[in-house]
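Everything on this sheet refers to the single structure shown next.
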Amino acid sequence: MSQDPLRARIAALGALGNDRHDRDFLLTWEQRAETIRAVLLIAEILEDLARANLSARVFASGLGLSIFCDKSTRTRYAFRAGCNLLGLMTEELDESTSQIAHGETVRETATMIGFLTEVVGIRDDMFLGEGHRYMAEVAASLDESFRAGVLRQRPAVLNLQCDLDHPTQSLADLRHLAQTFGGLEALRGRRLAMSWAYSPSYGKPLSVPQGVVALMARFGMHVVLAHPEGYDLVDEPLDAARRFAAESGGSFEIAHSMEEAFAGADVVYPKSWAPMTVMRERTRLLRGGETAKLADLEREALAMNARFTSWECTEAMIRLTRDGGARYLHCLPADVTGVSCARGEVSREVFERARLDTYREASHKPFVVAAMILATRFADPAKVLMALVDAGQPRRRE
Amino acid sequence: MSQDPLRARIAALGALGNDRHDRDFLLTWEQRAETIRAVLLIAEILEDLARANLSARVFASGLGLSIFCDKSTRTRYAFRAGCNLLGLMTEELDESTSQIAHGETVRETATMIGFLTEVVGIRDDMFLGEGHRYMAEVAASLDESFRAGVLRQRPAVLNLQCDLDHPTQSLADLRHLAQTFGGLEALRGRRLAMSWAYSPSYGKPLSVPQGVVALMARFGMHVVLAHPEGYDLVDEPLDAARRFAAESGGSFEIAHSMEEAFAGADVVYPKSWAPMTVMRERTRLLRGGETAKLADLEREALAMNARFTSWECTEAMIRLTRDGGARYLHCLPADVTGVSCARGEVSREVFERARLDTYREASHKPFVVAAMILATRFADPAKVLMALVDAGQPRRRE
Amino acid sequence: MSQDPLRARIAALGALGNDRHDRDFLLTWEQRAETIRAVLLIAEILEDLARANLSARVFASGLGLSIFCDKSTRTRYAFRAGCNLLGLMTEELDESTSQIAHGETVRETATMIGFLTEVVGIRDDMFLGEGHRYMAEVAASLDESFRAGVLRQRPAVLNLQCDLDHPTQSLADLRHLAQTFGGLEALRGRRLAMSWAYSPSYGKPLSVPQGVVALMARFGMHVVLAHPEGYDLVDEPLDAARRFAAESGGSFEIAHSMEEAFAGADVVYPKSWAPMTVMRERTRLLRGGETAKLADLEREALAMNARFTSWECTEAMIRLTRDGGARYLHCLPADVTGVSCARGEVSREVFERARLDTYREASHKPFVVAAMILATRFADPAKVLMALVDAGQPRRRE
Chain A
1335 MSQDPLRARI
1345 AALGALGNDR
1355 HDRDFLLTWE
1365 QRAETIRAVL
1375 LIAEILEDLA
1385 RANLSARVFA
1395 SGLGLSIFCD
1405 KSTRTRYAFR
1415 AGCNLLGLMT
1425 EELDESTSQI
1435 AHGETVRETA
1445 TMIGFLTEVV
1455 GIRDDMFLGE
1465 GHRYMAEVAA
1475 SLDESFRAGV
1485 LRQRPAVLNL
1495 QCDLDHPTQS
1505 LADLRHLAQT
1515 FGGLEALRGR
1525 RLAMSWAYSP
1535 SYGKPLSVPQ
1545 GVVALMARFG
1555 MHVVLAHPEG
1565 YDLVDEPLDA
1575 ARRFAAESGG
1585 SFEIAHSMEE
1595 AFAGADVVYP
1605 KSWAPMTVMR
1615 ERTRLLRGGE
1625 TAKLADLERE
1635 ALAMNARFTS
1645 WECTEAMIRL
1655 TRDGGARYLH
1665 CLPADVTGVS
1675 CARGEVSREV
1685 FERARLDTYR
1695 EASHKPFVVA
1705 AMILATRFAD
1715 PAKVLMALVD
1725 AGQPRRRE
Chain B
1335 MSQDPLRARI
1345 AALGALGNDR
1355 HDRDFLLTWE
1365 QRAETIRAVL
1375 LIAEILEDLA
1385 RANLSARVFA
1395 SGLGLSIFCD
1405 KSTRTRYAFR
1415 AGCNLLGLMT
1425 EELDESTSQI
1435 AHGETVRETA
1445 TMIGFLTEVV
1455 GIRDDMFLGE
1465 GHRYMAEVAA
1475 SLDESFRAGV
1485 LRQRPAVLNL
1495 QCDLDHPTQS
1505 LADLRHLAQT
1515 FGGLEALRGR
1525 RLAMSWAYSP
1535 SYGKPLSVPQ
1545 GVVALMARFG
1555 MHVVLAHPEG
1565 YDLVDEPLDA
1575 ARRFAAESGG
1585 SFEIAHSMEE
1595 AFAGADVVYP
1605 KSWAPMTVMR
1615 ERTRLLRGGE
1625 TAKLADLERE
1635 ALAMNARFTS
1645 WECTEAMIRL
1655 TRDGGARYLH
1665 CLPADVTGVS
1675 CARGEVSREV
1685 FERARLDTYR
1695 EASHKPFVVA
1705 AMILATRFAD
1715 PAKVLMALVD
1725 AGQPRRRE
Chain C
1335 MSQDPLRARI
1345 AALGALGNDR
1355 HDRDFLLTWE
1365 QRAETIRAVL
1375 LIAEILEDLA
1385 RANLSARVFA
1395 SGLGLSIFCD
1405 KSTRTRYAFR
1415 AGCNLLGLMT
1425 EELDESTSQI
1435 AHGETVRETA
1445 TMIGFLTEVV
1455 GIRDDMFLGE
1465 GHRYMAEVAA
1475 SLDESFRAGV
1485 LRQRPAVLNL
1495 QCDLDHPTQS
1505 LADLRHLAQT
1515 FGGLEALRGR
1525 RLAMSWAYSP
1535 SYGKPLSVPQ
1545 GVVALMARFG
1555 MHVVLAHPEG
1565 YDLVDEPLDA
1575 ARRFAAESGG
1585 SFEIAHSMEE
1595 AFAGADVVYP
1605 KSWAPMTVMR
1615 ERTRLLRGGE
1625 TAKLADLERE
1635 ALAMNARFTS
1645 WECTEAMIRL
1655 TRDGGARYLH
1665 CLPADVTGVS
1675 CARGEVSREV
1685 FERARLDTYR
1695 EASHKPFVVA
1705 AMILATRFAD
1715 PAKVLMALVD
1725 AGQPRRRE
């Protein structure tokens, strides 16, 4: 591979500047557009390096810690692979084997695990109103200890999914769209339908649709959000979507059916989520340890879902999209009708046609994680990347 | 250490060729004899490098994932140590903390954890008829995603023990025998007794004896398999043993007592395993969640075992072997009479005399794992190894 | 940073010699004073390297294994971070996923996990009379296999807390004191109060106070130990404290109240621990599986603790210390009155003032672990450290 386009990309990155150094990456809508562009560009450059078999090790030692308050296969892998790509060893802080569960304050623990740590990745998406707050608390604790000189370096906190946003997912989605359509600029004017879809399961977080609408509206896309009554999302990301749409020349609107949302769409993202009221009540019951009532709540929520089984991404739905050929996105795993459940978010035919493409969509996640690390841990990521190219060390011997 | 013999060994390796590149290592009997020889030779060369304090890091980054569907200390360690030796960071895919258990298809997961992965090691030995099938399914999924360009590299699937074979064990055993007797050629004509032995436990897999007879019969050894009625092994590896014995000038026969098998043996491998019918029934009950019946089955199986407590490798048994001095092999842990159980596979005296030697046997496993990785992930392992010798980087500073 | 003071420190280290090579670090009172000084100096040098962004990777590959028989966040992190700093990949030997719980002998397992291992860190602090014995047994097994040539290298066993001592903690405490007061020599003549303090919890190990008094008495400090009747510590470390105090010109005495101990103290270390008799009874009950009686024992122990709620480190207590301004030490987490419990070891005001300083105290632990590894795994740590300075490889790119 000729390295000239690679060097050009790195030079373009340098021009974007970096305001994330010694800070965190928690919500995309808090970031400058340049920061979003920079993270996407770093991810792309890291993919180029991998393709060219060039090592991206920027750390000879150092730790990437993860805290997962919920099950995870993909994001956990993406975090570990992204850290490893840069030379960090990963460790999982397992609440069941640690003393966190023993009344230890967040403040103290954040420092205790920060002494030689470069990045702390956190997934905390189960409790509405809590996940983001927890991450911000960890970040504030690290700030205090860094300022006091207790920590030699300020570990970055990365949001691996909270109650509000899922930036590693939405950025991988955006990078995938840019690659599909020929660049970020090529997204301008395209229509994306983020639609609720039926699932026979309960309690899926709201952060994916929230993250998607808030992010995609910034790049001139026409974003349509659709869901049945009662499945509203949190205001903050929707307000951000409106503001960004106005700034970028795109648009953001709410539709009332999957059909309406899909009409003329270039991209569809049919995905289930829980009603916000259910998530709020669930948070309350879980906090109070009222497990008996949780079963009732689940029953109610599933009965509510069952009224909307027609919200399924079928071939007929796809025919409503632009030229009947919209791209299908999903964060995976999807509830596929006749495959993983009797009736789900998407028909077997639609999913099977898009399947390898959803894998491609997911393939960007480790690189997005690594890009966030470079942006938060280095003053000048472009300089560091150029040095990697100059060094020309192979990732693996050949 | 003079590096001349090392360079000579690497040159010999080059002459064997390599047909495993971008493929898997699942069953030894599917491999060419040259491939078996190559893996053994690579393991030996890696041991030479370790002794000479030369770094074997061929990867600056990359992941080695393991999936263990059963408890494991030794093989898990061997996998991790083998990966680490080459520069890969290991991660365990824990079903209890991942979404695999949640109806996610193997196909999808294999790709999701493959993006920056070089090797996937799997232990799945509990269900007759399933372990190997699962590994083949993972491999097929990786093939699809690699062909489609979703994966930049094709992670190798390594069998860390399935229902049919346990190649890291049998290859470590073979490497140990070669070292004990003075090379692979020196095994020609020697007699190996693979014998069932009594154990007060239940459900031990069949893959070790199957792997041992199929592998040892290829190198001109006279392999005798002995077990009580009802403790038959699966046909496939036995057929392979017969075929290989015919080709290699060795032999493969079935004896009907430990005494008969041990008579004149150079090597004995007394080890318990479960009756195949019990393993099949167990698979059926576990699948059906019929846990009550599992307890009955265990009782029956133990009662069946108890009829054969005389199948114990005692001093008297060893006296039947060639010059009363056969080498004792075991994959460990052994059920040692009066040590780990009241009555077991081997007497305390016999085991204690062989104990350090069984540790030596086990010591090859990390290097066998690393050898499999080099064979599957590099077109020309000899070239890579020679480059390591030329580079002369120390494994640790002195 | 100018490297002259760093090189001077490394030269001073060389003069101390090293008798730990290919041995273990289990109890501080078994070590020569020069060894203690050397470990502290290595920790300091490693902190210097980190500050100067110089890589301390001395291993291109190799494993650091940990076995935790008890919950741990801080020490687990310190072990992993210390290993990673030197280039070792860490793995946890999890009893629930390994075969250790299956009657496998310590002897065998120690070797099976030792083939490519440089260090084995063990925490086993729950059972009086057992933790240290277990570590010594692991060490003896490794010795046997190393002597027999089964292991190419002798992995060091590091005590990450046993029933007798907690050397990574006490050495981090000592390093913190040295830094606070201006060097080890500046500790001479200073008064340290190691006092029992009230806690509403049960079963806290005795190893921290034991380790602290035995270690601090060696450097000319006047060490006072105070606890209510019934909260005696094990004889061995107290005898060591007496002996060391006599040798060093310090002193070691027992006081009968927190007030008496604190009077004129330069340093206070108020911390709860369980009555030794309770710990012994607990060991007996746990061994015998008498869980019903454990609840009774816990009730009794808490009732016993409750008689001593006045043993709290309050502002009034601190006013008794030298100039009312003694330094407060704690291994964390502390039971802080009104924060983590209604009434605890220390008042909110006292703790909050000292909080960041206790973080600083803890910050030395990863470096102490790494220092122990350098001392046990290298004949001449000074030479290795000087080579790192000469190499000048950055820990992270800038």
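Protein chains in written order, with this note's numbering: chain A, 1335 to 1732; chain B, 1335 to 1732; chain C, 1335 to 1732.
Beta carbons are placed, not taken as given, at the ideal position from N, Cα and C, and that holds for glycine.
Would you check if there are 3 or more beta carbon pairs closer than 8 Å linking the stretch 1698-1711 of chain C to the stretch 1658-1678 of chain C?
-> Result no; under three Cβ-Cβ pairs closer than 8 Å.
Excluding the 5 residues preceding and the 5 following C/G1348 in the sequence, name in chain order all residues of the same chain whose CB lies nearer than 7 Å to its CB.
-> Numbered from its first residue, the third sequence carries residue 1348 of chain C at position 14. Within the same chain, Cβ atoms closer than 7 Å to the Cβ of C/G1348 are found at A1716, the five residues on either side in sequence being excluded.
Assigned secondary structure, C/G1455 (DSSP; H/G/I helix, E/B strand, else coil) | In the third sequence, counting from the first residue as 1, residue 1455 of chain C sits at position 121. The three-state reading of DSSP puts C/G1455 in strand, counting E and B together.
Determine, using beta carbons only, whether B/L1508 comes closer than 8 Å to chain D.
-> Among the chains of the structure shown, chain D does not appear; the protein chains present are A, B and C.
Can you list, in chain order, the residues of its chain whose CB lies under 8 Å from that of A/T1424, leaving out five sequence neighbours each side?
-> Walking along the first sequence from the start, residue 1424 of chain A turns up at place 90. So the list reads L1397, G1398, L1399, S1400, F1413, R1414, C1417 and N1418, once near-sequence residues are dropped.
Helix, strand or coil: how does DSSP classify A/M1555 here?
-> By one-based count along the first sequence, residue 1555 of chain A stands at place 221. In this structure, A/M1555 counts as coil in the three-state DSSP scheme.
With a cut-off of 8 Å on the beta carbons, I'd call B/C1665 and B/V1602 a contact; round off their distance for me.
-> Against the second sequence, residue 1665 of chain B aligns to sequence position 331. Against the second sequence, residue 1602 of chain B aligns to sequence position 268. That belief does not hold up - the Cβ atoms of B/C1665 and B/V1602 are roughly 13 Å apart, past 8 Å.
Where A/W1363 falls: helix, strand or coil (DSSP) | Locating residue 1363 of chain A in the first sequence gives position 29, where the first residue counts as 1. Note: A/W1363 maps to helix in three-state DSSP.
B/N1352 - DSSP class collapsed to helix/strand/coil = Counting from 1 along the second sequence, the entry for residue 1352 of chain B is found at position 18. B/N1352 falls in the coil class under three-state DSSP.
Residues of chain A with CB under 9 Å from C/N1639, in chain order?
-> Walking along the third sequence from the start, residue 1639 of chain C turns up at place 305. Within chain A, no residue has its beta carbon less than 9 Å from that of C/N1639; the closest one is some 17 Å off.
At a CB-CB cut-off below 8 Å, which residues of chain A make contact with C/R1690?
-> For the purposes of this step, residue 1690 of chain C is taken as the residue at position 356 of the third sequence. Reading the sequence as shown, one finds Leu at residue 1690 of chain C and not Arg. What C/L1690 touches in chain A: E1478, S1479, A1482 and V1484.
Could you tell me the distance, in whole angstroms, from the CA atom of C/T1445 to the CA atom of A/H1500?
-> By one-based count along the third sequence, residue 1445 of chain C stands at place 111. By one-based count along the first sequence, residue 1500 of chain A stands at place 166. Each residue's Cα considered, the two are about 45 Å apart.
What are the residues that DSSP puts in a beta bridge with C/K1605?
-> For this step, residue 1605 of chain C is matched to residue 271 along the third sequence. Looking at the DSSP assignment, C/K1605 forms a beta bridge with C/W1530.
N- and C-terminal bounds of the beta strand (DSSP E) containing A/F1586 | Counting from 1 along the first sequence, the entry for residue 1586 of chain A is found at position 252. S1585 to A1589 is the span of the beta strand (DSSP E), which, as asked, contains A/F1586.
What does DSSP give as the partner residues of B/N1493 in its beta bridges?
-> Sequence index remark: in the second sequence, residue 1493 of chain B carries index 159 (1-based). According to DSSP, which records beta bridges pairwise, B/N1493 is partnered with B/I1456.
Quick one: is C/S1389 near chain A, going by C-beta distance under 8 Å?
-> As a working mapping, residue 1389 of chain C is identified with position 55 in the third sequence. Put simply, the CB of C/S1389 is near chain A, with a gap under 8 Å to one of its CB atoms.
Can B/E1378 and B/R1711 be called in contact, C-beta distance under 8 Å?
-> Numbered from 1 along the second sequence, position 44 holds the residue referred to as residue 1378 of chain B. Numbered from 1 along the second sequence, position 377 holds the residue referred to as residue 1711 of chain B. Contact flag unset, no.
Leaving out the 5 sequence neighbours to the left and right, which residues in its chain are closer than 8 Å to B/T1611 when beta-carbon positions are compared?
-> In the second sequence, counting from the first residue as 1, residue 1611 of chain B sits at position 277. Spatial neighbours of B/T1611 in its own chain (CB-CB distance under 8 Å, excluding positions within 5 residues in sequence) are listed in chain order as G1564.
Could you spell out the range, first to last residue, of the alpha helix (DSSP H) harbouring A/E1683?
-> Position 349 of the first sequence, counted from the start, is the residue given in the question as residue 1683 of chain A. It spans R1682 to S1697 - the alpha helix (DSSP H) in which A/E1683 sits, taken as one unbroken run.
Are three or more beta carbon pairs between the stretch 1497-1515 of chain B and the stretch 1473-1484 of chain B nearer than 8 Å?
-> Here the stretch 1497-1515 of chain B makes no contact with the stretch 1473-1484 of chain B; the two share fewer than three CB pairs at distances below 8 Å.
Can you list the residues of chain B that A/R1682 reaches, using a CB-CB cut of under 7 Å?
-> Taking the first residue of the first sequence as 1, we reach residue 1682 of chain A at position 348. What A/R1682 touches in chain B: nothing, since even the nearest Cβ is about 12 Å away.
Which residues does DSSP pair with B/A1560 in a beta bridge?
-> Along the second sequence, one-based indexing puts residue 1560 of chain B at 226. DSSP, once it has assigned bridges, lists B/S1529 and B/A1589 as partnering B/A1560.
Contact check, A/G1523 vs A/G1483, beta carbons under 8 Å | Within the first sequence, numbered from 1, the residue matching residue 1523 of chain A stands at position 189. Within the first sequence, numbered from 1, the residue matching residue 1483 of chain A stands at position 149. Against a cut-off of 8 Å, the Cβ pair of A/G1483 and A/G1523 comes out as no contact.
In chain order, what residues of the same chain lie with their CB nearer than 6 Å to the CB of C/A1520, ignoring the 5 residues before and after it?
-> Position 186 of the third sequence, counted from the first residue, corresponds to residue 1520 of chain C. Here the set comprises nothing.
Min CB distance C/L1492 to chain B below 8 Å | Position 158 of the third sequence, counting from 1, holds the residue named residue 1492 of chain C. Taking 8 Å as the threshold, the shortest C-beta distance from C/L1492 to chain B does not fall below it.
Coarse secondary structure for C/F1701, derived from DSSP in three states | In the third sequence, counting from the first residue as 1, residue 1701 of chain C sits at position 367. In the structure shown, C/F1701 sits in a helix (DSSP, three-state: H, G or I).
To the nearest angstrom, how far is it from the Cα of C/R1661 to the Cα of C/I1652?
-> In the third sequence, counting from the first residue as 1, residue 1661 of chain C sits at position 327. In the third sequence, counting from the first residue as 1, residue 1652 of chain C sits at position 318. Their backbone Cα atoms lie some 9 Å apart in a straight line.
N- and C-terminal bounds of the alpha helix (DSSP H) containing A/T1409 = Taking the first residue of the first sequence as position 1, residue 1409 of chain A is located at position 75. Its alpha helix (DSSP H) spans residues R1408 to L1420.
Residues bridged to C/T1671 (per DSSP) | Here residue 1671 of chain C refers to the residue found at position 337 of the third sequence. Looking at the DSSP assignment, C/T1671 forms a beta bridge with C/C1675.
Name the DSSP beta bridge partners of B/C1403, please?
-> What you label residue 1403 of chain B is simply residue 69 of the second sequence in a count that begins at 1. In the DSSP assignment, B/C1403 forms no beta bridge with any residue.
Taking only beta-carbon positions, decide if C/R1414 is within less than 8 Å of chain A.
-> Reading the third sequence from its first residue, position 80 is the one you call residue 1414 of chain C. Among the CB atoms of chain A, one or more fall inside 8 Å of the CB of C/R1414.
Per DSSP, A/C1647 forms a beta bridge with which residues?
-> Here residue 1647 of chain A is taken as the residue at index 313 of the first sequence, counted from 1. In the DSSP output, where bridge partners are listed per residue, A/C1647 has A/V1680.
Spatial neighbours of B/A1635 in its chain, beta-carbon cut-off 6 Å, leaving aside the 5 residues before and after | The residue you call residue 1635 of chain B lines up with position 301 of the second sequence. Taken in chain order, the residues that qualify are Y1536 and V1612.
State yes or no: is the beta carbon of A/G1348 nearer than 8 Å to at least one beta carbon in chain C?
-> Working through the first sequence from its first residue, we reach residue 1348 of chain A at position 14. Interface with chain C (8 Å Cβ-Cβ cutoff): A/G1348 is excluded.
CA-to-CA distance, B/R1408 to B/D1358, given in whole angstroms = Here residue 1358 of chain B refers to the residue found at position 24 of the second sequence. Here residue 1408 of chain B refers to the residue found at position 74 of the second sequence. Between B/D1358 and B/R1408, the C-alpha separation is close to 21 Å.
CB contact below 8 Å: A/A1473 versus chain C | For the purposes of this step, residue 1473 of chain A is taken as residue 139 along the first sequence, with counting starting at 1. So no, A/A1473 is outside the interface.
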